[in-house]
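**Student:** Residue numbers (my numbering), protein chains in the order written: chain E, -19 to 328; chain B, -19 to 328.
C-beta: ideal position from N, C-alpha, C; glycine also.
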């Protein structure tokens, strides 16, 4: 089949490996932020962020060439991050055809202007023109999958969710390889909320590392702070389950691939963890932001969205004040500039 | 209050720190395996495995001095590991008094001779003399708590469970400090099964590290195998939830302190992880056992118990064949000598 991937960052490009191994023809379209990546791909067939040569059957395109890239494709992949959901909806809308399927590596949630909880596929949908939006099928990928490992053909397990289970199954068949294991699901809401929230909690798990450094590191008998990290991890899973319950979704996602699994891999390192470390070492959010200037901080984005959702007169959620105390404190730190001071006794 | 801890290993001794900080008088009784530890404690006030001097108010005793140590104590701590539950029941029984409370750091489950699933506090109970067993209250501790960190007064969060919630609350009050956070629970069954099973799944998470080494380590672009580790982690939580459901316990423990939390900290290192690495690098269980000779392998113990529970005509469980495929494969590897070959497609 012919596939277009829009967004040539780590995950957008990483997903090209299983597609290539399944003999699909892949058109990789960079966004306006990916110009240098597409240049390198066109000139040397090399992706500078993934640090790998592209697999077979991938043709790179600049965003200006998107019409040509999207022409006649069987399905599309949205490879942009959480902040790109509006842009990609607007951008691909003019080229979509009746019956096309769109699957997003983009995951997460957003607050509407009224503070309603919206999931990203619905944001993308809202940006499509009225004439096409109900004629295409949307899906999203969630679960523990570091792009560099997928591109290295390391064993990875994910969920493909779509409200239309046949769409999820169709896409799973197109992507599935002996290293990329896929479970189709019709529970798009539970998937998106779990994988969205996990970025904030990975930041919180990272705070244990920062607390350790602040306390002078390993002590004379070799004690680290794994106990604290694990308590924060469990609280993160618990809060995900509570939000899922409050919005009428499935709380068991909290201990599956998109919950505990995705939180585990995200807590192993990366920008969210780095930000958590900086905050726990005593930096204010403003200082940490300055240190990490230029990085896309999805953990911050999700905390900001949750702040709006929790403070609004909520129309579609019933998240009680005090029920997600870790998230509530992260909101104070990120949006109100308060000092980090996690109250473990408010947990569970 | 006066407290006796029986078992002077890592966790039995680690728990002395919060007790000491709460001004209790502590008698630390070594088992017959702890002779060298008690010798060092008596002569130098130093615990050689924890690599720390004992806190104030701790008096060490050899097992031969147990009668003196247990005389007049307000409550007891069982500090032995899973394999010591029978021994400690028999050993303390003659000295117990009406109304005493016993809390175990020992955690897990065991198969009865009929393959019934029993939790360790019930094993301990069964070894007490009939005249006293119903006059004492039993409790157990679960949750992510590395002993060396507790002894270093690092922040730790745990659950104290007893079928008698007042016992759990009484003990929580006796142990609670500003670094040792305790949630009382009456759900002893869910706690024990979660924390018991997690040892087997931590071994499985460790297999991702072994698989990485076997594959030649980090690849040219820096890819590890965190995706695989996270998938196994999520499957472990999922299987814990399924067993909890099958035995009529609470599946939500899978994403709380005794489930995801305890699995997270146990997966960070230790003997279970080391064993998983060896198996994934290609060693048979017999070879791995030889390499780790002399170590207490709680992961193996739990897999052996689960083998008996799953194969017996079960009287108190309804765990369906195929519902916990990772555990079933671990059973094949440990008890039948099969080669490790995890089928990820059987997951979830």
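Note the first and the last residue of the continuous beta strand (DSSP E) segment covering residue 84 of chain E.
**Tutor:** Its beta strand (DSSP E) spans residues 81 to 84.
**Student:** Could you check if residue 33 of chain B is buried or exposed, using at least 16 other CB atoms within 10 Å of its CB as the buried criterion?
**Tutor:** Per the 10 Å Cβ criterion, exposed.
**Student:** Using a Cβ cut-off of 9 Å, which residues of the segment 227 to 248 of chain B contact any Cβ in chain E, in chain order?
**Tutor:** Against chain E - using a Cβ distance shorter than 9 Å - the residues of the segment 227 to 248 of chain B are 231, 232, 234, 235, 236, 237, 238, 239, 240, 241, 242, 243, 244, 245, 246, 247, 248.
**Student:** Under DSSP, the alpha helix (DSSP H) around residue 310 of chain B begins and ends at which residues?
**Tutor:** It spans 305 to 315 - the alpha helix (DSSP H) in which residue 310 of chain B sits, taken as one unbroken run.
**Student:** For chain B, is any of its Cβ atoms less than 8 Å away from the one on residue 7 of chain E?
**Tutor:** No - not a single Cβ of chain B is within 8 Å of the one on residue 7 of chain E.
**Student:** Would you grab the beta carbon distance between residue 307 of chain E and residue 191 of chain E for me? Rounded to a whole angstrom, and I think it's under 8 Å.
**Tutor:** About 18 Å; that fails the 8 Å criterion.
**Student:** Work out the CA separation of residue 186 of chain E and residue 254 of chain E for me, nearest whole Å.
**Tutor:** Each residue's alpha carbon lies about 7 Å from the other.
**Student:** Any beta carbon of chain B sitting closer than 8 Å to that of residue 324 of chain E?
**Tutor:** It does: the Cβ of residue 324 of chain E has a partner Cβ on chain B nearer than 8 Å.
**Student:** Do the segment 8 to 26 of chain B and the segment 39 to 55 of chain B make contact, defined as three or more Cβ pairs closer than 8 Å?
**Tutor:** Touching, yes.
**Student:** Is residue 206 of chain B close to chain E? Criterion is C-beta to C-beta, closer than 8 Å.
**Tutor:** Closer than 8 Å: yes.
**Student:** If we cut at 8 Å on Cβ distances, does residue 194 of chain B have a partner in chain E?
**Tutor:** No, no contact with chain E.
**Student:** Identify each residue in the segment 157 to 170 of chain E for which the Cβ-Cβ distance to at least one residue of chain B is less than 7 Å, and report them in chain order.
**Tutor:** Hits within the stretch, in order: 161, 163.
**Student:** Please determine, among E:223, E:230, E:124, the residue with the shortest C-alpha to C-alpha distance to residue 290 of chain E.
**Tutor:** With distances taken between Cα atoms, residue 290 of chain E lies closest to E:223.
**Student:** Taking the alpha-carbon positions, what's the residue 72 of chain B to residue 161 of chain B distance?
**Tutor:** Each residue's Cα considered, the two are about 28 Å apart.
**Student:** I'd like to know whether the C-beta of residue -4 of chain E is nearer than 8 Å to at least one C-beta of chain B.
**Tutor:** Not an interface residue.
**Student:** Skipping 5 residues on each side, what residues in its chain have a beta carbon closer than 6 Å to that of residue 91 of chain E?
**Tutor:** Cβ within range, chain order: 285, 288, 289.
**Student:** Given a cut-off of 8 Å, decide if residue 260 of chain B and residue 194 of chain B are closer than it, judged by their beta-carbon atoms.
**Tutor:** The answer is yes: Cβ separation under 8 Å.
**Student:** Under 8 Å, do residue 133 of chain E and residue 105 of chain E count as touching if we go by C-beta distance?
**Tutor:** For residue 133 of chain E and residue 105 of chain E, no; Cβs fall outside 8 Å.
**Student:** Can you name the residues that DSSP bridges to residue 41 of chain E?
**Tutor:** Residue 41 of chain E is bridged to E:9.
**Student:** Should residue 124 of chain B be labelled buried (16 or more other beta-carbon atoms within 10 Å of its own) or exposed?
**Tutor:** That one is buried.
**Student:** Got a sec: is the Cβ-Cβ distance from residue 20 of chain B to anything in chain E below 8 Å?
**Tutor:** It does not; no Cβ of chain E falls within 8 Å.
**Student:** Give me the Cα-Cα distance between residue 78 of chain B and residue 112 of chain B, rounded to the nearest whole angstrom.
**Tutor:** Cα to Cα, the separation comes out at about 7 Å.
**Student:** Which of the three DSSP states is assigned to residue -18 of chain E in this structure?
**Tutor:** Three-state DSSP puts residue -18 of chain E in a strand.
**Student:** Give the straight-line distance between the Cα atoms of residue 102 of chain B and residue 38 of chain B, rounded to the nearest whole angstrom.
**Tutor:** Distance between the alpha carbons of residue 102 of chain B and residue 38 of chain B is about 29 Å.
**Student:** In the DSSP output, which residue or residues are listed as bridge partners for residue 136 of chain E?
**Tutor:** Paired residue(s): E:160.
**Student:** Determine the direct distance from the alpha carbon of residue 46 of chain E to that of residue 12 of chain E, and round the result to whole angstroms.
**Tutor:** Near 11 Å, if we compare the C-alpha coordinates of residue 46 of chain E and residue 12 of chain E.
**Student:** How about residue 212 of chain E and residue 234 of chain E: are their beta carbons less than 8 Å apart?
**Tutor:** Not in contact: residue 212 of chain E and residue 234 of chain E (Cβ atoms no closer than 8 Å).
**Student:** Might you give, ordered along the chain, the residues of its own chain that have their beta carbon closer than 7 Å to the beta carbon of residue 126 of chain E, omitting 5 neighbours on each side?
**Tutor:** Here the set comprises 245.
**Student:** Tell me the residue span of the alpha helix (DSSP H) that contains residue 131 of chain E.
**Tutor:** Counting along the chain, the alpha helix (DSSP H) containing residue 131 of chain E begins and ends at 127 to 131.
**Student:** Compare the C-alpha of residue 7 of chain B against each of B:-13, B:199, B:118 and name the closest.
**Tutor:** Checked all of B:-13, B:199, B:118; the closest Cα to residue 7 of chain B is B:-13.
**Student:** By a C-beta neighbour count over all protein chains shown, 10 Å radius and 16 as the cutoff for buried, is residue 314 of chain B buried or exposed?
**Tutor:** Buried: at least 16 other Cβ atoms inside 10 Å.
**Student:** Name, please, each residue of chain E whose Cβ falls closer than 8 Å to the Cβ of residue 132 of chain B.
**Tutor:** What residue 132 of chain B touches in chain E: 199, 201, 203.
**Student:** Quick one: using the 10 Å Cβ neighbour count with 16 as the cut-off for buried, is residue 256 of chain E buried or exposed?
**Tutor:** It is buried - the Cβ of residue 256 of chain E has at least 16 other Cβ atoms within 10 Å.
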